[in-house]
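What follows is a short report on a single structure.
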Amino acid sequence: MSSKSARSTEPAAGPVRVLAIGANGPVAASTCLVDAAGTTVTGRAMRVAAGEADLLPAQVQACLHQADWHADELDLIACGVGPGGFTAIRVGVALARALALATGVPVMAVSTFEALAVAARACGTEVPLRIAVPGGRGNWHVQDVDAAGRFGPISTGPSPPSGGAGFQLIGGEAPEAVQLVAGAEEVGLAAARRLLAGEQGMGGEMLVPLYLRGADAREGAGRSLLDLAGAA
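Here it is in structure tokens:
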């Protein structure tokens, strides 16, 4: 399958067709038709169990089939890029890149923080927000969203802003621990709203994961004990 250059993206008037891939959440693939007001008109979602990222291509195909869309008819491919599980993010990004390069459909990266902000607003929590995502090794990644909806810098620390290990923490001036889950549906809606606001998508080759820490693999992993002994 040959790659194509990304289509130019003019400010959309809506509705727009978006395929969303969010392999790091419970809903791994979603198609959504979003109107000019940024509201989902119709949508289809497919779930993938934890550890089954290899099923993602089939789920994406099922979503497109249910919506009766062809991949090259899409206005945008939205992809969740993390932070989150390394393997799931790599699979999702690789699939989104391949689809974008094959069809010429522009792609848009959506962070876990942005997807969680969409989920927070859907359940009635308004900006300003503080969003904390477990970062592994006992750390948390934290990003604030101000009253205008702007995202601040990401910081990493050994504990969330206030108790509740295992939670994504959402709050404003008086943070409250709220457990939220965001998947492809929130990824798609976030990207569609940005597209409708005039932001342009990018070519698939520019899509990369958002990794905020190094891999757990150690130097020397995979080498034989004899090699390691000889290097000592």
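Whatever position you read off the sequence shown (first residue = 1), add 1066 for the working numbering.
Where is the CB? At the ideal position from N, CA and C, for every residue including glycine.
query                                                                                                   : result
T1097 burial status per 10 Å Cβ neighbour count (16 or more: buried)                                    : buried
Counted within 10 angstroms of its Cβ, other Cβ atoms place A1231 as buried (16 or more) or exposed     : Bear in mind that a pLDDT of 41 at A1231, under 50, signals an unreliable position, so the number given afterwards is only what the model happens to contain. Flag for A1231 reads exposed.
Close beta carbons around P1092, own chain, < 7 Å, minus the five adjacent residues each side           : R1113, V1247, G1249
CB contact flag (V1084, L1142, <8 Å)                                                                    : yes
Straight-line Cα distance separating R1203 from A1079                                                   : 44 Å
Alpha-carbon spacing of C1189 relative to H1136, whole angstroms                                        : 32 Å
Sub-8 Å separation of A1124 and C1145 beta-carbons                                                      : no
Per DSSP, the bridge partner or partners of T1222                                                       : H1207
Contained beta strand (DSSP E) runs [length at least 3] in the region 1093-1131, N- to C-terminal order : 1093-1100, 1106-1113
Bounding residues of the alpha helix (DSSP H) (the contiguous stretch that carries A1175)               : It is not in any alpha helix (DSSP H) - A1175 instead sits in the beta strand (DSSP E) that spans 1173-1177.
Cross-strand partners of G1146 (DSSP beta bridge)                                                       : V1176
Of the listed residues G1223, A1263, V1173, nearest to I1197 (C-alpha basis)                            : G1223
Neighbour-count burial assignment, A1263, 16 or more Cβ in a 10 Å radius                                : exposed
Exposure of E1139, with buried meaning 16 or more beta-carbon neighbours within 10 Å                    : exposed
Status (buried if at least 16 other CB within 10 Å, exposed otherwise) for V1149                        : The residue asked about is misnamed: residue 1149 is Pro in this sequence, not Val. Buried.
Short Cβ contact (8 Å threshold) for V1082 with L1261                                                   : yes
Reduced DSSP secondary structure (H/G/I, E/B, other) of V1253                                           : helix
Backbone secondary structure at R1083 - three-state DSSP                                                : strand
Residue span of the alpha helix (DSSP H) that contains G1158, given as start and end                    : 1152-1169
Under the three-state DSSP convention, the category A1188 falls into                                    : helix
Given T1106 as reference, the closest of G1270, Q1209, A1258, A1185 once Cα atoms are compared          : A1258
Under 8 Å between C-beta atoms of I1220 and L1161                                                       : no
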